[in-house]
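A short write-up of the structure that comes next.
In full-length UniProt numbering, the protein residues as written are 1 to 763.
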């Protein structure tokens, strides 16, 4: 027979293989049907849950919107006439008169009597309508929150749909390969003769068909063949035949959204099939095009398990295949190519913890650069930054990859001399220390992200301790004295009567006004510094901003609104935040830092969620007790507020006043049940649960208390460094580093491979 005749199809001579194939197909079809049925059931359940949540959120939004409209109408009815008539006729007229008077007599300025009366009239109108305005604004806020909840549910639904779509794509691919017939069924069965006959019969057109996820038959052949040898897999033998006869198909890529851009070379690399990689590179008519193919589908995006960097070289680096890396580089793969996030193959080596691949790529790239005639074309791979402006070292520091950061740190270090067990090394500080170049350094990324594991590395610890001993400790103690003097002055001005005290001493009250002006100036300067210099959201920065804002609100309330209670309330919060800021500085001391960190962790992790649950618990039982005790005709908002305070007093140990059950006008049996439940759940269960949670947090913090203290001290150090000019910092830090050829280095002596700090810790 002429094997080139397209009509000839060689089939098995026995019925046993056909029977086995049919049985396998039946089993696979049953499995596919079961999987699809379960998937449909799960999808319906998800849709029901999301629909229920959406209905609830929509009802909440409608209720809040209705209440907002009602309250806005009430506010408009209460204040619209006053604002339109009095404000339009009297206030505006007085302001205009004051403006004319001020223009004629500029020395009067804002102290003109008419302007003061106009201002008082505006203030009276605002205070008279403040209640309605606050109610309307609260309703609007509730509506906005409900709308935000609805949008969050929509985003969650879209995410679930994307996940379900990915699962359905895989199911459709499997079903299509089993039921589509033609070349799809032939390659699924591994029938080489059928594949050869079908491709010859169609003159290769069947190889251009696309499956449900955008794949070609050649993609499925390589996918089913996996990492087997070409001779051991019928699918790979068929793929080899297709690559030799129709080489143009080798460069075909997936066109579906899930796996868009994936080529045959990507599949072969992930399956670690070196022979197949060499075969594809030899068969393709466009090697640069195959090497430049980018797998950008959802399956390969950042955050997914198979984020390998889009390019074939990055795939090989990510999977740790040095032999394939060398093959791809020899074929012309570009090591400087960057994916959609700007990451090169070195960034991918950092992500997947591949130090050997990191060294291999750098060495091979340097050899290629040396062979070039124009040395100016040489590009340092380790200096290429991604879309976030991060080199591989800074990327490792920001992401917290300890092994790769320590590995790159060791590559940078240079050994000066060795003498027995003692070794002298110098570490360049260009990318490590602060303010050595534009942008953030590795140390700043480590501290900002809170990577305690990187902060505890010996060389980083040596750098921090050296800076602390040389100049930062002095800045720290100076800052403590400054803040303490500021707090004493602020207390003397606002808590004690400083004006009366200085008058008794024969001094003028100008001292008090000068002190207040100085405090206000310091607060404004600190707020501007927080806005311009401090880019992190650390606890210290938050407390500082709260202090500045509350103090300025107190001054504004006392000066412009003349509301004494509001001014004192803001001032009270300002004092609290100021002293908390002072306590925060005690994290710099090792003896007190552990305790401050523990209190902070307990407040954030235990007390805050407990307070939320406790508040809901008190509201629930207060509402139930109030409904039982008070008839409908006697209920009011004020009485319900008193009931809330009473329940809170019961819970915090105030006890019951008198016989609550006997004095109850009705529902005594139900009152007994409610009070017993309230006592058991509140005073026994919840409070003891809080104690247990605090004990658990204490144990967790104690395990890594030293590392947490080092992190907080590093944050204080960076904060102090930001507050001084660079010229002064360089002058103070001359003893920290040595300078060679315009570059700064940290010189460290190692004894048996350990720094002095490590030996001190071991002792």
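Where is the CB? At the ideal position from N, CA and C, for every residue including glycine.
Residue 456 carries a coil assignment under DSSP once its states are collapsed to helix, strand and coil. Nearest neighbour of residue 618 by Cα position, chosen from 262, 580 and 686, turns out to be 686. For residue 207 against residue 242, the beta-carbon gap comes to about 6 Å, under 8 Å, which counts as contact. Your pair residue 296 and residue 261 checks out as a contact, with CB atoms roughly 5 Å apart and the cut at 8 Å. Annotation: the stretch 206-235 contains the following complete segments of the alpha helix (DSSP H) (minimum length 4 residues), in chain order: 217-225. As DSSP reads the structure, residue 423 sits in a beta bridge with 418 and 750. DSSP places residue 740 in the uninterrupted beta strand (DSSP E) bounded by 738-740.
Excluding five sequence positions before and after residue 434, the CB atoms of its chain that fall closer than 7 Å to its own CB belong to 441, 443, 444, 718 and 721, given in chain order. Assignment of residue 263 by DSSP, reduced to helix, strand and coil, places it in the strand class. Its Cα nearest to that of residue 423, the residue 754 stands out among 754, 760 and 222. In the DSSP assignment, residue 448 falls within the alpha helix (DSSP H) that extends over 442-449. Collapsing the DSSP output to three states places residue 744 in a strand. The criterion of a C-beta distance shorter than 8 Å is satisfied by residue 581 and residue 543. Cβ neighbours of residue 421 within its own chain (closer than 6 Å, five residues either side excluded): 751 and 752. By the beta-carbon neighbour count (other beta carbons within 10 angstroms, threshold 16), residue 215 is buried. The three-state secondary structure of residue 305, taken from DSSP, is coil.
Only residues of its own chain outside the window of five on either side were considered, and among them 398 have a CB closer than 7 Å to the CB of residue 390, listed in chain order. Its Cα nearest to that of residue 340, the residue 293 stands out among 357, 355 and 293. Beta bridge pairing from DSSP links residue 253 with 263. Rounded to the nearest whole angstrom, the CA to CA distance from residue 461 to residue 756 is 10 Å. Cβ atoms of residue 697 and residue 605 come within 8 Å of each other, at about 5 Å. Of all alpha-carbon atoms in 694, 540 and 566, the one lying nearest the alpha-carbon of residue 610 is that of 694. The shortest CA-to-CA distance from residue 414 to any of 740, 180 and 760 is the one to 740.
One alpha carbon belongs to residue 548, the other to residue 458, and they sit about 38 Å apart. 8 Å or more divides the Cβ of residue 489 from the Cβ of residue 524. When DSSP reads this structure, residue 428 sits in a beta bridge with 745.
Between residue 219 and residue 269, the C-beta gap is not smaller than 8 Å, which leaves the two residues out of contact. Close CB contacts of residue 446 within its chain, under the 6 Å cut and outside five residues either way in sequence, are with 397, 454 and 455 (chain order). Within the same chain, and ignoring the five residues on either side of residue 190 in sequence, the residues whose Cβ sits closer than 7 Å to its Cβ are 234 and 235.
For residue 553, same chain residues with a beta-carbon under 6 Å away, outside a window of 5 residues either side, are 570 in chain order. In the structure shown, the three-state DSSP call for residue 201 is helix. Straight across, the Cα-Cα distance linking residue 425 with residue 418 is about 9 Å. Going by beta carbons, residue 361 and residue 325 fall inside the 8 Å limit.
If you check the CB distance, residue 585 and residue 472 do not come in under 8 Å. Secondary structure at residue 551: helix, using DSSP grouped into helix, strand and coil. Residue 395 is a Cβ neighbour of residue 347, given a cutoff of 8 Å.
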